[in-house]
Amino acid sequence: MNKLLKDKVAVVTGGSSGIGLAIAKRLINDGANVVITGRNTEKLNQAVIALGDSASGIVTDVSCRASLDDLYQQIKTATGHIDILVANAGGGVHAPLGQITEQQIDEQFATNVKGVVLTVQQALPLLQNGSSVVIIGSTASVDPGPAMSIYGATKAAVRNMVRSWVAELHGSGIRLNIVSPGPTNTASLRTAFGDKAEEGLALLTAKCPLGRIGEPEEIAAAVAFLAGDESGYVNGIELFADGGASQT
Numbered sequence: 005m006n007k008l009l010k011d012k013v014a015v016v017t018g019g020s021s022g023i024g025l026a027i028a029k030r031l032i033n034d035g036a037n038v039v040i041t042g043r044n045t046e047k048l049n050q051a052v053i054a055l056g057d058s059a060s061g062i063v064t065d066v067s068c069r070a071s072l073d074d075l076y077q078q079i080k081t082a083t084g085h086i087d088i089l090v091a092n093a094g095g096g097v098h099a100p101l102g103q104i105t106e107q108q109i110d111e112q113f114a115t116n117v118k119g120v121v122l123t124v125q126q127a128l129p130l131l132q133n134g135s136s137v138v139i140i141g142s143t144a145s146v147d148p149g150p151a152m153s154i155y156g157a158t159k160a161a162v163r164n165m166v167r168s169w170v171a172e173l174h175g176s177g178i179r180l181n182i183v184s185p186g187p188t189n190t191a192s193l194r195t196a197f198g199d200k201a202e203e204g205l206a207l208l209t210a211k212c213p214l215g216r217i218g219e220p221e222e223i224a225a226a227v228a229f230l231a232g233d234e235s236g237y238v239n240g241i242e243l244f245a246d247g248g249a250s251q252t
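Numbers in my numbering are just positions in the sequence shown, counted from 1, shifted up by 4.
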């Protein structure tokens, strides 16, 4: 098999479960050596064991600059550079207007916006000509739906930040792109619906022109494309991986 990412050094934040874990697995299958991060030591260790010898894990809170600086110092010591950076860590809370709490606002912006800024910014000394940064957005950036206004706002902010960063990194040879998944078959999606999970999944399935929600491996495939040299002239895009749902 042709290993398109052979010997590449990749970092995937929030890589211990769900979409992040699927991304790490795909990058490893394509030949990369992957560092995953997460805040839960036990989950992180379990993910590293599942991923195998080409994976390592470092406990990291992306909303904390000191934590990210420690992550990147360890990577600098080990490899000296990063070829692929996937800013995946993030999350959302369902809350309609009138029930949104300050804590929900602060936590979502801390991880989804501040966390992305710091993840990319603090990595810059380790990125080089040819490095690829892939940020995991969401179709909520354009189609948040009811009760997802704050989450959607954070993802729209990420889209606009990338527009600016692409211009700011002019001439560096570093590419930045966004993969924005639609509803994806993960434990976190089901948890978000609570005791109405089946009803919620049925609504999402009905909305999608392909008649289903996505699988984590499908999102990982889109990330792998943007991470590798085959997308070497792709820069600054938001790639929707949602079966067309955001277009209806």
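Idealized CB from N, CA, C, for every residue including glycine.
Close Cβ partners of residue i (< 7 Å) along its chain, the five nearest in sequence each way excluded
i: Ala151; result: His98, Ala99 and Pro100
i: Leu193; result: Pro187
i: Arg69; result: Leu122 and Gln126
heavy atom of the ligand MG below 6 Å from residue i C-beta
i: Leu8; result: The ligand MG is absent from the structure shown, which contains no ligands of any kind.
Alpha-carbon spacing of residue i relative to residue j, whole angstroms
i: Tyr260; j: Ile86; result: Nothing can be reported for residue 260, as the shown portion of the chain is limited to 5 through 252.
i: Gln103; j: His174; result: 42 Å
i: Gly95; j: Thr143; result: 13 Å
i: Ile223; j: Ala14; result: 16 Å
i: Thr195; j: Asp233; result: 36 Å
i: Gly248; j: Thr81; result: 43 Å
i: Ser135; j: Arg163; result: 19 Å
i: Ile53; j: Leu131; result: 27 Å
i: Ala226; j: Ser250; result: 17 Å
i: Cys212; j: Glu202; result: 16 Å
i: Pro129; j: Gln112; result: 27 Å
i: Lys200; j: Leu25; result: 25 Å
i: Thr17; j: Arg43; result: 10 Å
i: Gly236; j: Asn133; result: 11 Å
i: Ala206; j: Ser21; result: 23 Å
i: Leu48; j: Thr41; result: 7 Å
i: Asp255; j: Ala191; result: The structure shown has nothing for residue 255, since the chain only spans 5 to 252.
i: Glu172; j: Asp110; result: 27 Å
Option nearest residue i by Cα separation, candidates the options
i: Gly19; options: Val13, Lys12 and Ile27; result: Ile27
i: Pro187; options: Gln50, Phe244, Val124 and Val90; result: Phe244
i: Thr45; options: Val63, Lys29, Val238 and Ala231; result: Val63
i: Gln78; options: Ser67, Val90, Cys68 and Ser60; result: Ser60
i: Lys12; options: Val238, Ala231, Ser235 and Ser250; result: Ala231
i: Gln108; options: Pro213, Lys47, Thr158 and Gly56; result: Thr158
i: Leu1; options: Ala201, Asp246 and Pro185; result: The structure shown does not extend to residue 1, since the chain spans only 5 to 252, so no value can be given for it.
i: Val39; options: Gly204, Ile88, Gly218 and Arg69; result: Ile88
i: Lys10; options: Arg30, Leu205 and Lys200; result: Arg30
i: Gly56; options: Thr41, Ile32, Asn164 and Thr209; result: Ile32
i: Gly141; options: Gly35, Pro185 and Thr105; result: Pro185
i: Ser153; options: Tyr237, Thr105, Phe229 and Ala228; result: Thr105
i: Gly35; options: Ser235, Asn49, Asp73 and Ser58; result: Ser58
i: Asn37; options: Ser21, Leu48 and Thr83; result: Thr83
CB contact check: residue i to chain D, cutoff 7 Å
i: Val166; result: Looking at the structure shown, chain D is missing, and only one protein chain is on hand.
Proximal residues to residue i (C-beta, below 6 Å), its chain only, five neighbours per side dropped
i: Ile266; result: Since the first and last residues shown for the chain are 5 and 252, residue 266 lies out of range.
i: Ser71; result: Thr64 and Asp65
Unbroken alpha helix (DSSP H) run spanning residue i, endpoints
i: Ser168; result: Ser153 to Glu172
i: Ser184; result: Ser184 -> not in any alpha helix (DSSP H); beta strand (DSSP E) instead, spanning Arg179 to Pro185.
i: Val227; result: Pro220 to Ala231
i: Gly42; result: Note, Gly42: premise wrong, no alpha helix (DSSP H); beta strand (DSSP E) at Asn37 to Gly42.
i: Gly119; result: Gly119 to Gln125
i: Ile109; result: Glu106 to Phe113
i: Gly22; result: Gly22 to Asn33
i: Glu242; result: Not the alpha helix (DSSP H): Glu242 falls in the beta strand (DSSP E), residues Glu242 to Ala245.
Integer-rounded CB distance, given that residue j should sit under 8 Å from residue i
i: Ile23; j: Asn116; result: That pair is no contact at about 14 Å.
i: Ala127; j: Tyr76; result: 6 Å
i: Val170; j: Val138; result: Wrong, their Cβ atoms sit about 13 Å apart, outside the cutoff.
i: Val66; j: Gly119; result: 4 Å
i: Ala160; j: Ser145; result: 5 Å
For residue i, the first and last residue of its enclosing beta strand (DSSP E)
i: Gly204; result: Unbroken run through Gly204 is the alpha helix (DSSP H), Ala201 to Lys211; no beta strand (DSSP E).
i: Ile53; result: Note, Ile53: premise wrong, no beta strand (DSSP E); alpha helix (DSSP H) at Thr45 to Leu55.
i: Leu8; result: Neither: Leu8 is in no beta strand (DSSP E) and is coded neither H nor E.
i: Ile140; result: Ser136 to Ile140
i: Ser60; result: Ala59 to Val63
Same chain, Cβ closer than 8 Å to residue i, five either side skipped, listed in chain order
i: Val124; result: Leu89, Ala91, Val137, Ile139, Trp169 and Leu180
i: Thr209; result: Gly215, Arg216 and Ile217
i: Gly198; result: none
i: Arg167; result: Gly240
i: Val238; result: Arg179, Asn181 and Leu230
i: Asn189; result: Ile217, Gly218, Glu219 and Pro220
i: Leu8; result: Asp34, Gly35, Ala228, Gly232, Asp233 and Glu234
i: Asp73; result: Gln126
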